[in-house]
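Worksheet for the structure shown next.
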Amino acid sequence: MENWTQYIFLTLTLVFGIVMPVQAQSEQQSAKPVIEPDLERRNVRIDKIDTENFELGIFYGLQTIQDFGANDLYGIRGAYHATEDIFLEFTYGRSQGGKTTYERLSGGAPLLSKSEREYGFYSVDVGWNVFPGEVFLWDKFHFTSALYLVVGVGSTNFGGDDWFTVNVGAGYRILFTDYFAIHIDARDYLFDRDLFGIEETTNNVEFSFGTSFFF
Numbered sequence: 178m179e180n181w182t183q184y185i186f187l188t189l190t191l192v193f194g195i196v197m198p199v200q201a202q203s204e205q206q207s208a209k210p211v212i213e214p215d216l217e218r219r220n221v222r223i224d225k226i227d228t229e230n231f232e233l234g235i236f237y238g239l240q241t242i243q244d245f246g247a248n249d250l251y252g253i254r255g256a257y258h259a260t261e262d263i264f265l266e267f268t269y270g271r272s273q274g275g276k277t278t279y280e281r282l283s284g285g286a287p288l289l290s291k292s293e294r295e296y297g298f299y300s301v302d303v304g305w306n307v308f309p310g311e312v313f314l315w316d317k318f319h320f321t322s323a324l325y326l327v328v329g330v331g332s333t334n335f336g337g338d339d340w341f342t343v344n345v346g347a348g349y350r351i352l353f354t355d356y357f358a359i360h361i362d363a364r365d366y367l368f369d370r371d372l373f374g375i376e377e378t379t380n381n382v383e384f385s386f387g388t389s390f391f392f
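Residue numbering for the sequence shown follows my numbering, beginning at 178 and increasing consecutively.
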């Protein structure tokens, strides 16, 4: 009996002698603080979003008036760029009609007075930037550009009367900075008139060059 008692005592002593140091070592390891990297906080500068969606400009060119030749054209345009592809535009322009072929050949009395030859129009258009891209000059400079289409309605004052007008056209825009651009435009203004007693649909084509500013 005494031998069994000694055997049990030695066994317990051996077990506790192994377990206790291992447990103590585990507690010491868990007590060590977690190493956190010393990271320096960086201040990131975020560029402001470009919000220059309004455009205002002037243009000059040539206006053909069916049966009345071609004359100088000048005017103003304003636009609101709703998205990168779609914009709304307002145009006002003035020109003057010349003599008809009949007036030049007959040498008779003019068909219209000087004031009736004054040509003025306005239109409200919707534009679509069909092919936005870039223009490269001398492999050093590049500028944002866009080929666009426009369609709209308005009114034309000519021959002493106002005529409902539909216009279609295309243009090319180059932005030299984020606020300055140049335009090249070609547009056809169509309206029905009856100046000579017969109603006819006329095509009155504009070719113009313009500059504009975004704000």
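We put the CB at the ideal spot given by N, CA and C, even for glycine. Keep in mind the model is a prediction, meaning the values are calculated, not measured.
query: Around the C-beta of residue 340, are 16 or more other C-beta atoms found within 10 angstroms, so that it is buried, or is it exposed?
result: buried
- prompt: Does the beta carbon of residue 258 come closer than 8 Å to any beta carbon on chain C?
  reply: In summary, chain C is missing from the structure at hand, where a single protein chain is found.
CB of residue 352 within 8 Å of CB of residue 320, strictly: The Cβ atoms of residue 352 and residue 320 lie closer than 8 Å to each other.
- prompt: To the nearest angstrom, how far is it from the Cα of residue 260 to the Cα of residue 284?
  reply: Distance between the alpha carbons of residue 260 and residue 284 is about 54 Å.
- prompt: DSSP on residue 283, reduced to helix/strand/coil?
  reply: helix
- prompt: Counting Cβ pairs closer than 8 Å, one from the stretch 304 to 318 and one from the stretch 332 to 339, do we hit at least three?
  reply: Not touching, per the Cβ criterion.
- prompt: At what residues does the beta strand (DSSP E) containing residue 326 begin and finish?
  reply: 318 to 335
- prompt: Using the beta-carbon count (16 or more within 10 Å), is residue 310 buried or exposed?
  reply: exposed
- request: Starting from residue 390, trace the beta strand (DSSP E) both ways and give me its first and last residue.
  value: Unbroken beta strand (DSSP E) run through residue 390: 377 to 391.
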